[in-house]
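Convert by adding 1 to the 1-based position in the sequence shown; the result is the number in my numbering.
C-beta atoms are modelled at their ideal positions from N, C-alpha and C, and glycine is treated no differently.
This report concerns only the one structure given below.
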Amino acid sequence: MPPTSRYGPHPNRPAANKQFTNRDGPIKAFQAARQALAPDQHDVLTFHGVGGQGKTALGKKFRQILEEETPRAALWGHVDLADTHLPTPDRILLELRRSLRRSGKIEFPAFDVAFAHYWQQAYPHLKFQDTHRDLLTDKEGVFAHALESASSYAEALPAGIGLTMIALNWVRQRMRDFDNRYRPALRGLETFSPTEILDRLPYYLGLDLCGYQRRQRAKQLIVFLDTYDALWETFTQGARWEVDAWARELVASAPGVLFVVFAREKLTWDTHEPDAWRGCLHHQPPLAPLTDEDADTFLRQIPIEEEAVRQTIIQAAEGHPFYLDLEVEHYLDLVADGATPQPEHFGQTKQAILARFLRYRAGEEQATLKVLSVVRSFDFELLEALVRAFQTGFPPTEFFNFVRYSFVAPESGERYRLHSLMQAHLLESLEPALQKKIHDFAFTYYDARCQPESPKDLQPAHEIALVEAFYHRDMTDPQEAAAWINQRTTVFYEAARYSLVEPLYQRALAIREQILGPDHPDTATSLNNLAELYRAQGRYAEAEPLYQRALAICEQVLGPDHPDTARSLNNLAGLYKAQGDYGQAEPLYRRALAICEQALGPDHPHTATSLNNLAGLYDSQGHYGQAKPLYQRALAIYEKTLGPDHPRTATSLNNLAALYDTQGDYARIEPLYQRALVIHEKTCGPDHPRTATSLNNLAGLYKDQGSYAQAEPFYQRALSICEKNLGPDHPDTHTVRQNYQALLAAMGQQK
Numbered sequence: 002m003p004p005t006s007r008y009g010p011h012p013n014r015p016a017a018n019k020q021f022t023n024r025d026g027p028i029k030a031f032q033a034a035r036q037a038l039a040p041d042q043h044d045v046l047t048f049h050g051v052g053g054q055g056k057t058a059l060g061k062k063f064r065q066i067l068e069e070e071t072p073r074a075a076l077w078g079h080v081d082l083a084d085t086h087l088p089t090p091d092r093i094l095l096e097l098r099r100s101l102r103r104s105g106k107i108e109f110p111a112f113d114v115a116f117a118h119y120w121q122q123a124y125p126h127l128k129f130q131d132t133h134r135d136l137l138t139d140k141e142g143v144f145a146h147a148l149e150s151a152s153s154y155a156e157a158l159p160a161g162i163g164l165t166m167i168a169l170n171w172v173r174q175r176m177r178d179f180d181n182r183y184r185p186a187l188r189g190l191e192t193f194s195p196t197e198i199l200d201r202l203p204y205y206l207g208l209d210l211c212g213y214q215r216r217q218r219a220k221q222l223i224v225f226l227d228t229y230d231a232l233w234e235t236f237t238q239g240a241r242w243e244v245d246a247w248a249r250e251l252v253a254s255a256p257g258v259l260f261v262v263f264a265r266e267k268l269t270w271d272t273h274e275p276d277a278w279r280g281c282l283h284h285q286p287p288l289a290p291l292t293d294e295d296a297d298t299f300l301r302q303i304p305i306e307e308e309a310v311r312q313t314i315i316q317a318a319e320g321h322p323f324y325l326d327l328e329v330e331h332y333l334d335l336v337a338d339g340a341t342p343q344p345e346h347f348g349q350t351k352q353a354i355l356a357r358f359l360r361y362r363a364g365e366e367q368a369t370l371k372v373l374s375v376v377r378s379f380d381f382e383l384l385e386a387l388v389r390a391f392q393t394g395f396p397p398t399e400f401f402n403f404v405r406y407s408f409v410a411p412e413s414g415e416r417y418r419l420h421s422l423m424q425a426h427l428l429e430s431l432e433p434a435l436q437k438k439i440h441d442f443a444f445t446y447y448d449a450r451c452q453p454e455s456p457k458d459l460q461p462a463h464e465i466a467l468v469e470a471f472y473h474r475d476m477t478d479p480q481e482a483a484a485w486i487n488q489r490t491t492v493f494y495e496a497a498r499y500s501l502v503e504p505l506y507q508r509a510l511a512i513r514e515q516i517l518g519p520d521h522p523d524t525a526t527s528l529n530n531l532a533e534l535y536r537a538q539g540r541y542a543e544a545e546p547l548y549q550r551a552l553a554i555c556e557q558v559l560g561p562d563h564p565d566t567a568r569s570l571n572n573l574a575g576l577y578k579a580q581g582d583y584g585q586a587e588p589l590y591r592r593a594l595a596i597c598e599q600a601l602g603p604d605h606p607h608t609a610t611s612l613n614n615l616a617g618l619y620d621s622q623g624h625y626g627q628a629k630p631l632y633q634r635a636l637a638i639y640e641k642t643l644g645p646d647h648p649r650t651a652t653s654l655n656n657l658a659a660l661y662d663t664q665g666d667y668a669r670i671e672p673l674y675q676r677a678l679v680i681h682e683k684t685c686g687p688d689h690p691r692t693a694t695s696l697n698n699l700a701g702l703y704k705d706q707g708s709y710a711q712a713e714p715f716y717q718r719a720l721s722i723c724e725k726n727l728g729p730d731h732p733d734t735h736t737v738r739q740n741y742q743a744l745l746a747a748m749g750q751q752k
């Protein structure tokens with residue numbers, strides 16, 4: 002007999018025939034929902050119940066039914082929302098699109114183009130061709146068709162156009178082959194920000210699904226969303242309504258598609274919007290345990306021949322598939338070891354089933370399982386680090402044997418997680434002090450992996466690490482987690498990862514309200530942070546009460562003349578300015594400036610910021626005479642306090658130059674733009690996007706003066722920097738390209 006490993010399922014044990022046994026009630030409900038669904042109807046079928054009831058297995062059974070139908074009557078897509086590799090709606094929707102595509106020949110022209118446009122703006126340093134090759138090589142996909150056909154109309158496209166623009170043009174060329182609904186849906190896509198596209202991604206996916214159904218009326222489309230409650234793990238109760246907004250938008254955009262949800266609780270969409278959702282959520286049956294008859298059938302199929310053993314297992318498991326699985330694992334291990342299974346080897350309580358199963362594992366394996374119970378998911382690298390740090394003795398070379406256990410669920414990205422019931426049992430036996438040490442280790446591990454140097458360096462792995470680091474710090478020191486997240490999200494915020502950052506800011510606010518109180522200055526800081534996030538997305542109605550509350554806290558606790566009060570005034574004024582409400586903005590800006598001058602001094606950088614804010618307000622209203630001295634004074638302060646070569650000095654130079662530009666004072670503009678360019682090249686580097694902005698500004702000046710030969714090399718260099726660092730489809734790249742093309746057109750007319 003060859004040697005065998007001590008770890009993972011016994012290699013010599015007989016193969017188990019773990020076939021899901023019939024559950025007539027759920028299957029009938031599923032089939033009835035399919036039969037009743039009309040093309041214009043929205044329907045969500047939700048199966049809910051506690052962990053271990055077999056919700057995931059039930060979903061597999063449903064998909065098996067669909068696969069075995071002849072002729073095949075439905076295509077389906079499936080996403081497990083417990084997958085930590087899918088932390089944001091864009092990843093969830095992409096995985097769903099991929100799953101649907103694997104099920105059949107479905108085209109996704111709207112979603113693919115929109116997603117590519119979003120990705121290249123959000124991750125400008127990552128080549129879409131490398132990260133999403135499957136979308137490009139899909140023979141039925143929009144990119145394959147577009148690239149094949151591009152030569153026929155390439156001459157009509159601007160030079161240097163990006164991949165998504167080629168695909169977008171191709172889709173527009175084929176509007177009549179798809180549906181007239183695509184025309185308004187895709188209008189303006191190239192001008193949308195990443196956040197605007199992200200909000201629309203569920204709509205685009207729903208549009209594609211509806212398009213398929215109109216072309217293939219004989220086939221149904223079914224979407225399975227498993228472990229739905231995992232969406233809310235990182236979010237506060239009050240934020241739940243926003244967390245799954247993408248799911249509601251997808252359902253609303255895809256009439257005629259059946260959505261099947263598996264969760265621990267019922268969906269409550271109808272409590273928030275009863276008129277919209279009451280008729281869509283009428284099928285929410287609770288998932289009951291397996292009957293004794295079904296459990297017996299399941300055990301017979303393994304096969305477990307001994308009736309007394311089967312009855313003992315059934316009585317102890319109480320119809321929970323998770324515990325049946327563990328008893329089967331134990332039975333097969335006994336057989337593999339040459340033992341004869343007896344009733345006394347099984348049964349008792351559910352806790353006894355878990356404890357007995359773990360006792361049968363090697364000591365190193367038990368220790369490793371306990372350590373893994375503290376983390377939400379793991380891959381080879383994390384397991385290896387935990388084994389080394391906590392000296393469990395488990396050989397990492399046995400990793401892939403270890404993850405074959407029935408209670409280890411695979412995720413995308415070669416990650417895995419323990420079943421929630423196994424995890425809970427292991428945590429109960431783990432000393433609190435050791436739990437804290439593991440949380441601290443995991444925090445340090447992920448914290449080191451969520452610090453990209455700049456927005457252009459940000460990758461999906463950084464996003465996962467940010468969420469996991471916050472989770473582990475929150476588990477041991479919530480107040481520190483709230484402070485930490487404010488330090489770590491700067492790059493993510495600058496990269497417009499709003500959907501990623503929002504739940505973390507919401508949780509930080511909840512922590513501070515609970516621990517420090519609703520009127521603490523740190524609570525005001527969290528209110529401001531969340532309000533800024535909403536403002537950046539144009540969600541002004543949500544931002545305003547948060548800004549107002551933060552201002553009230555600062556005035557009450559710190560005083561009406563405190564610098565933090567000035568910051569809150571500036572924030573609220575900026576919100577009003579963004580909405581064009583200059584009358585409300587001006588007195589707030591003026592008061593903020595007065596506070597800074599009095600509390601910090603007339604030459605403080607914060608005073609300069611307030612001067613720039615007020616000047617910008619006047620500039621926006623065309624009050625150039627009032628704006629000019631404020632811009633000049635802000636520039637003088639920055640030069641004096643921060644130095645003549647500081648980026649803020651360059652920003653003030655650009656502000657003043659832009660003001661002169663509106664007045665046609667070209668003689669004053671050029672030296673300011675030139676100096677700003679020198680500063681950006683020196684402080685940010687010759688290939689930084691800020692340098693490209695300065696190059697674009699200077700080129701625009703030369704173009705306006707008719708100095709086309711001077712302007713051209715600046716536009717060329719700016720475009721090269723943008724394409725390299727931001728991607729060919731980024732809005733800034735698009736702006737520079739348009740400016741350059743306008744110059745070329747003017748040069749052609751001149752000739």
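- Do you know offhand how far S621's Cα is from H284's? Approximately 54 Å, taken between the alpha carbons.
- Run the CB neighbour count on R311, radius 10 Å, all protein chains shown included, and call it buried at 16 or more, exposed below. Looking at its Cβ environment, which holds 16 or more other Cβ atoms inside 10 Å, R311 is buried.
- Query: Given that a residue counts as buried once 16 or more other Cβ atoms are within 10 Å of its Cβ, and exposed if not, what is G701?
  - Reply: Around the CB of G701, 16 or more other CB atoms lie within 10 Å, so the residue is classed as buried.
- A593 versus T694 - alpha carbon distance: If you take the alpha carbons of A593 and T694, they lie about 29 Å apart.
- Query: From which residue to which residue does the alpha helix (DSSP H) around I223 run?
  - Reply: I223 -> not in any alpha helix (DSSP H); beta strand (DSSP E) instead, spanning Q221 to D227.
- Message: Can you look up T237 in the DSSP assignment and give me helix, strand or coil?
- Response: With a pLDDT of only 47 at T237, under 50, the local geometry of the prediction cannot be trusted, and no value is derived from it.
- Item | Reference R357; option with closest CA among F493, M423, L373 and F395 | With distances taken between Cα atoms, R357 lies closest to M423.
- Item | Whole-angstrom distance between D271 and L199, CA atom to CA atom | Put simply, the backbone Cα of L199 is about 24 Å away from that of D271.
- Local Cβ density within 10 Å of T398, reported as buried at 16 or more and exposed below that: Around the C-beta of T398, fewer than 16 other C-beta atoms lie within 10 Å, and the residue is accordingly described as exposed.
- DSSP beta-bridge partners for F379? Bridge partners of F379 according to DSSP: Y417.
- Query: Distance, Cα to Cα, I486 vs N530?
  - Reply: Those two C-alpha atoms are separated by around 11 Å.
- Item | Exposure label - A277; buried when at least 16 CB within 10 Å | Flag for A277 reads exposed.
- Item | Segment contact, 8 Å Cβ cut-off, at least three pairs: the segment 290-298 with the segment 326-338 | Output reads no: the segment 326-338 does not touch the segment 290-298.
- Beta-ladder partner(s) of D75, from DSSP: The question names Asp, but residue 75 is Ala in the sequence shown. Bridge partners of A75: Q221.
- Assuming I554 contacts P522 under a Cβ cut-off of 8 Å, what Cβ separation, rounded to an integer in Å, is found between them? With a Cβ gap of about 7 Å, I554 and P522 count as contacting.
- Task: For Y703, collect the residues of the same chain with a Cβ closer than 8 Å to its Cβ; drop the 5 residues on either side in sequence, then sort them by chain order.
- Result: So the list reads Y709, Q711, A712 and F715, once near-sequence residues are dropped.
- Query: How about D326 and S421: are their beta carbons less than 7 Å apart?
  - Reply: For D326 and S421, no; Cβs fall outside 7 Å.
- Cβ of L660 within 6 Å of any heavy atom in the ligand ADP? Questions concerning the ligand ADP fall outside what the structure shown contains, since it holds no ligand whatsoever.
- Message: Let's see if you can read the secondary structure: which residues bound the alpha helix (DSSP H) around P522?
- Response: Here the alpha helix (DSSP H) through P522 covers P522 to A537.
- Message: Can you confirm whether the segment 103-123 touches the segment 200-209 when touching is taken to mean that 3 or more C-beta pairs between the two stretches lie within less than 8 Å?
- Response: Inter-segment contact for the segment 200-209 and the segment 103-123 is present: three or more beta-carbon pairs are separated by less than 8 Å.
- Y119 versus A363 - alpha carbon distance: So the two alpha carbons sit approximately 48 Å from each other.
- Message: Rounded to the nearest angstrom, what separates S500 and D91 at their Cα positions?
- Response: Between S500 and D91, the C-alpha separation is close to 9 Å.
- Message: For L612 and A551, what's the separation of their Cα atoms in angstroms?
- Response: L612 and A551: Cα-Cα distance of roughly 22 Å.
- Task: Return helix, strand or coil for D295, following the three-state DSSP convention.
- Result: In the structure shown, D295 sits in a helix (DSSP, three-state: H, G or I).
- What do you reckon, are the CB atoms on P672 and N726 nearer than 7 Å? Cβ distance not < 7 Å, so P672 and N726 don't count as in contact.
- Message: Taking the beta carbon of K62 as the centre, do at least 16 other beta carbons fall within 10 Å, making it buried, or is it exposed?
- Response: By the Cβ neighbour-count rule, K62 is buried, with 16 or more other Cβ atoms within 10 Å of its own.
- Task: Go to L601, then tell me how far its beta strand (DSSP E) extends in each direction, as first and last residue.
- Result: Careful: L601 lies outside any beta strand (DSSP E) and carries neither H nor E.
- Query: If A532 sits next to L510, beta carbons under 8 Å apart, how far is it from one beta carbon to the other, in whole angstroms?
  - Reply: For A532 against L510, the beta-carbon gap comes to about 10 Å, at or over 8 Å, which does not count as contact.
- Buried or exposed by the 16-neighbour rule on C-beta atoms within 10 Å, applied to Q352: Flag for Q352 reads exposed.
- Task: From the DSSP output, in three-state form, read off H463 for me.
- Result: Residue state, collapsed to three classes: helix.
- Message: I439 and V372 - do their beta-carbons sit closer together than 7 Å?
- Response: Result yes, Cβ atoms of V372 and I439 sit closer than 7 Å.
- Distance, Cα to Cα, V737 vs D475? Looking at the two C-alpha atoms, the distance is approximately 43 Å.
- Item | Reference G581, options Y619, S721, Y661 and A595, closest by Cα | If you compare the alpha carbons of Y619, S721, Y661 and A595 with that of G581, the shortest gap goes to Y619.
- Item | Environment of K29 [buried if 16+ CB atoms lie within 10 Å] | Classification of K29: exposed, given that the 10 Å Cβ count is below 16.
- Out of G626, L657 and A628, state which residue places its alpha-carbon closest to the alpha-carbon of L636. Looking from the CA of L636, the closest CA among G626, L657 and A628 belongs to L657.
- Would you kindly work out how many angstroms separate the C-alpha atoms of H681 and R188, rounded to a whole number? Rounded to the nearest angstrom, the two C-alpha atoms are 35 Å apart.
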